[in-house]
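Note sheet for the following structure.
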Amino acid sequence: MLKKNNTRGGGSDPPKQEAKKKEVEEEEEDDNMFLTGKNPFFDVVLTNSNLKPYYNMFPPASITSILPLATVPTVLRYGGKNWDSSYMGNARKNIRRPGWKEFVDDNHLKVGDACIFELMENTGTRLRFRVIIMRNKELPPKWQTRSNDKSVIEVIEID
């Protein structure tokens, strides 16, 4: 016996349409090198503690204050690819390995590179950040660092 399809639009499956719409939105995000201007974000100039062998990523209090107070799945998105991680809001308030480590390694991040994390989704049970990477050589001279520089790196403020 055949079932009648009562959906509009020629029998399209609404969950599939929603997934396709989200995929198109994410592709448009990837094409945009700039912040949307409507989402919270934070920026980090990477230091040794963010990279091998430690792989620590502690978002600043300015953003953790709006993030869940629980451990939640977290997606880092850059260049059309996703890295699955988790955010621990109930403990150290950090983005955890292996996702952060894989993100660093896959994108060949180095001391002095900057990452801007734009919060695209915060459902309370899931986070998604779009990441913009700026290589050390692309930064203004004031913020550039040498790989052997042990000094504290000044944080970029974006208005």
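Note that the numbering used here numbers the sequence shown so that position 72 is 149, with each residue one more than the last.
Even for Gly, the Cβ is constructed at its ideal location relative to N, Cα and C.
Worksheet item: Rounded to whole angstroms, how far is the Cβ of Asp-190 from the Cβ of Met-165, which I believe are closer than 8 Å?
Response: Going by Cβ atoms, the distance from Asp-190 to Met-165 rounds to 24 Å, so no, they are not a contact pair.
Discussion item. Is the separation between the beta-carbon of Asn-159 and that of Met-134 shorter than 7 Å?
Written reply: no
Worksheet item: Helix, strand or coil: which one does DSSP assign to Phe-111?
Response: coil
Worksheet item: In the structure shown, what three-state DSSP assignment does Phe-180 receive?
Response: helix
Practice prompt. Indicate whether the contact test is met: 3 or more Cβ pairs, each with one atom in the region 119-129 and one in the region 175-188, closer than 8 Å.
Written response: yes
Item to complete: State the Cα-Cα distance for the pair Ala-147 and Lys-214, rounded to the nearest angstrom.
Response: 37 Å
Fill in: Rounded straight-line distance, which links the Cα of Phe-111 to that of Val-101
Residue confidence is low: Val-101 scores 45 on pLDDT, short of 50, so the model does not pin down where it sits. Its coordinate-derived value is still stated next. Using only the alpha carbons, I get a separation of about 17 Å.
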